[in-house]
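In this text, residue positions in the sequence shown follow my numbering: the first is 5, and each later residue adds one. To start, the structure under review is shown below, and the notes come after it.
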Amino acid sequence: AAVIMTAYATVDSAVAAMKIGAYDYLVKPFDPEELSLMIQKIVTQQALVRENVLLRKVLKRDYHFRDLISKSPAMQAVFDLARTAARSNSTILVLGESGTGKELLARAVHAESPRNHAPFVAVSCAALTETLLESELFGHEKGAFTGAAVRRKGKFEMAQGGTLFLDEIGDISSKLQLDLLRVLEDRHFSRVGGNESIPVDVRIIAATNRDLPKAVADGSFREDLYYRLNVIPVHLPPLRERLEDLPLLVEHFLEQLGAEMNRRVDEVSTEAMALLMSHTWPGNVRELRNVLERAVVVASGQVIEAADLGLRRSAGDALDPGATASLDDVEKHHIARVLQDSGGNISLAARTLGIDRATLYNKMRKYQLRKDGEHEQEELTQ
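Take a look at the structure:
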């Protein structure tokens, strides 16, 4: 981006400068602070443009099972089941921790299904309030609520003929559980504020990191909806249970990041790989990619060293070496350390762990951790 500096500013000269590609222009004499702010805006705008281009590429790409990186027997069994399920119209429930690749698996199922000519539409059920999620799923009529200035189609209509991926399905409210159950049973729905019965032809793939049978038992999730969703359950193992895949994933992500960042860093030192293999990966594959992205940025050469990863030896190393730590103990210690290193910044800690804020808050409640990583006896409030 170019900024033109001139002592003779006119409307015509400004327009001419813009036409040949200038971002803006400054009239001399100018305030250095004005130039600094303009440069900041340019940097921000260019970063957003690059991010938008990458996101568009991701959204347009079809993910097939051949694109999913794994050689572990557990994951191969998952792929075999999902590939078989793709040929049907049955509802699939993908179960697994945050960051295990539930949406990628859903996209692969769609790409190899008879519905691959139609849209794949994803909705994060945990990211929206009940009212917003209802409108997001079913759409709304003009005037249905304050701010509804026009009729809007929902995700069910957008996915017509294709696949609707409902991520974090275990977090939806009781009302929306009932609404979704009715759609699955009747194959019709109405927009918010409307009476028209709209037919539905979508394949549902739902996903969650919650223990849904436990949620059914405690009454927080409808049993009838659970059975409607759990026609073909697919369990994705966490990264710590398939560490034989880690070197393959590292190679894949370094190639991907190198292309995205136009920087060649394609080797990992023996010490760095040992550190990656010893890490417990509570954020799973998403956390691994974030760690490698950081390493590519800070590496001084083409080889990633252990110091570039931003990881300590292992969360378990600080525990008694003579004791066998449970996975919960290891995860708790790791999250506490990341919270401490992040200075209580929840967004930063969540990004470092490769999980979203809601998941981090849930884990903080589970382990009774404060924002500073210290143990808290009292219940956390978000």
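We put the beta carbon where it would ideally sit given N, CA and C, even for glycine. As the structure is a computational prediction, the values presented were derived from the model and not from experiment.
Distance between residue j and residue i (C-alpha atoms, nearest Å)
{"i": "Ile350", "j": "Lys370", "result": "16 angstroms"}
{"i": "Ala122", "j": "Ala115", "result": "10 angstroms"}
{"i": "Leu137", "j": "Leu315", "result": "37 angstroms"}
{"i": "Arg207", "j": "Thr284", "result": "35 angstroms"}
{"i": "Lys367", "j": "Tyr230", "result": "24 angstroms"}
{"i": "Val295", "j": "Thr356", "result": "7 angstroms"}
{"i": "Asp345", "j": "Leu313", "result": "14 angstroms"}
{"i": "Ala78", "j": "Tyr67", "result": "20 angstroms"}
{"i": "Gln80", "j": "Arg232", "result": "26 angstroms"}
{"i": "Ala211", "j": "His338", "result": "25 angstroms"}
{"i": "Glu38", "j": "Leu352", "result": "30 angstroms"}
{"i": "Pro251", "j": "Val238", "result": "24 angstroms"}
{"i": "Cys129", "j": "Gly174", "result": "8 angstroms"}
{"i": "Glu248", "j": "Gln49", "result": "40 angstroms"}
{"i": "Leu97", "j": "Ile236", "result": "6 angstroms"}
{"i": "Val113", "j": "Asn120", "result": "9 angstroms"}
{"i": "Arg91", "j": "Asp360", "result": "32 angstroms"}
{"i": "Ala153", "j": "Gly143", "result": "13 angstroms"}
{"i": "Lys218", "j": "Met42", "result": "54 angstroms"}
{"i": "Asp270", "j": "Glu259", "result": "7 angstroms"}
{"i": "Val82", "j": "Phe149", "result": "43 angstroms"}
{"i": "Ser177", "j": "Asp215", "result": "16 angstroms"}
{"i": "Leu261", "j": "Glu134", "result": "36 angstroms"}
{"i": "Thr363", "j": "Ala311", "result": "28 angstroms"}
{"i": "Asp35", "j": "Ala26", "result": "19 angstroms"}
{"i": "Asp222", "j": "Leu52", "result": "44 angstroms"}
{"i": "Asp171", "j": "Leu30", "result": "48 angstroms"}
Spatial neighbours of residue i in its chain, beta-carbon cut-off 6 angstroms, leaving aside the 5 residues before and after
{"i": "Ala110", "result": "Phe169, Ile209"}
{"i": "Glu227", "result": "Val220"}
{"i": "Asn213", "result": "Glu101, Ser102"}
{"i": "Arg298", "result": "Gly314"}
{"i": "Leu184", "result": "none"}
{"i": "Gln181", "result": "Arg226, Leu229"}
{"i": "Thr95", "result": "Ile208, Leu233, Val235"}
{"i": "Pro118", "result": "none"}
{"i": "His256", "result": "Ile73"}
Residue j beta carbon less than 8 angstroms from that of residue i
{"i": "Val300", "j": "Met277", "result": "no"}
{"i": "Val47", "j": "Asp28", "result": "no"}
{"i": "Ser76", "j": "Arg290", "result": "no"}
{"i": "Leu72", "j": "Leu108", "result": "yes"}
{"i": "Gly166", "j": "Val125", "result": "yes"}
{"i": "Gly147", "j": "Gly198", "result": "no"}
{"i": "Lys106", "j": "Leu188", "result": "no"}
{"i": "Lys45", "j": "Met9", "result": "no"}
{"i": "Arg186", "j": "Val204", "result": "no"}
Per-residue DSSP class, three states only, for residue i
{"i": "Glu101", "result": "coil"}
{"i": "Thr363", "result": "helix"}
{"i": "Phe124", "result": "strand"}
{"i": "His114", "result": "helix"}
{"i": "Leu315", "result": "coil"}
{"i": "Leu132", "result": "coil"}
{"i": "His192", "result": "strand"}
{"i": "Leu85", "result": "helix"}
{"i": "Asp28", "result": "strand"}
{"i": "Asp183", "result": "helix"}
{"i": "Ile176", "result": "coil"}
{"i": "Phe154", "result": "According to the sequence displayed, residue 154 carries Val and not Phe. Coil, per DSSP."}
{"i": "Glu200", "result": "coil"}
{"i": "Asp171", "result": "strand"}
{"i": "Glu161", "result": "helix"}
From the options, residue whose alpha carbon lies closest to that of residue i
{"i": "Gln4", "options": "Glu134, Ile202, Ser139", "result": "Nothing can be reported for residue 4, as the shown portion of the chain is limited to 5 through 386."}
{"i": "Ala303", "options": "Asn288, Thr363, Val272", "result": "Val272"}
{"i": "Ile308", "options": "Val125, Gly287, Leu280, Val289", "result": "Leu280"}
{"i": "Asp376", "options": "Ile173, Leu364, Ala340, Ala362", "result": "Ala340"}
{"i": "Asn234", "options": "Ala89, Ile359, Val125", "result": "Ala89"}
{"i": "Thr274", "options": "Arg268, Ser282, Arg267", "result": "Ser282"}
{"i": "Ser194", "options": "Val269, Glu145, Arg361", "result": "Glu145"}
{"i": "Leu243", "options": "Thr104, Pro36, Gly305, His192", "result": "Thr104"}
{"i": "Leu343", "options": "Leu261, Arg186, His379", "result": "His379"}
{"i": "Glu335", "options": "Gln372, Glu134, Phe34", "result": "Gln372"}
{"i": "Leu200", "options": "Leu30, Arg155, Asp222", "result": "The sequence given here places Glu at residue 200; Leu does not occur at that position. When only C-alpha atoms are compared, the closest one is Arg155."}
{"i": "Lys179", "options": "Asp171, Ser224, Glu172", "result": "Ser224"}
Cutoff 8 angstroms: residue i Cβ touching any chain C Cβ
{"i": "Leu85", "result": "The displayed structure is made up of one protein chain only, and chain C is not part of it."}
8 angstroms Cβ shell around residue i - same chain, five flanking residues per side excluded
{"i": "Glu140", "result": "Val127, Leu132, Gly158, Lys159"}
{"i": "Val254", "result": "Val272, Met277, Leu280, Leu292, Leu296"}
{"i": "Glu161", "result": "Gly143, Ile202"}
{"i": "Ala354", "result": "Asp360, Arg361, Thr363, Leu364"}
Close-in-space but distant-in-sequence residues of the same chain around residue i (CB under 7 angstroms, 5 per side omitted)
{"i": "Arg87", "result": "Phe69, Glu116"}
{"i": "Gly287", "result": "Ser102, Gly103, Leu357, Gly358, Ile359"}
{"i": "Arg267", "result": "Val300"}
{"i": "Asn93", "result": "Arg207"}
{"i": "Gln306", "result": "Arg268, Val269, Asp270, Glu271"}
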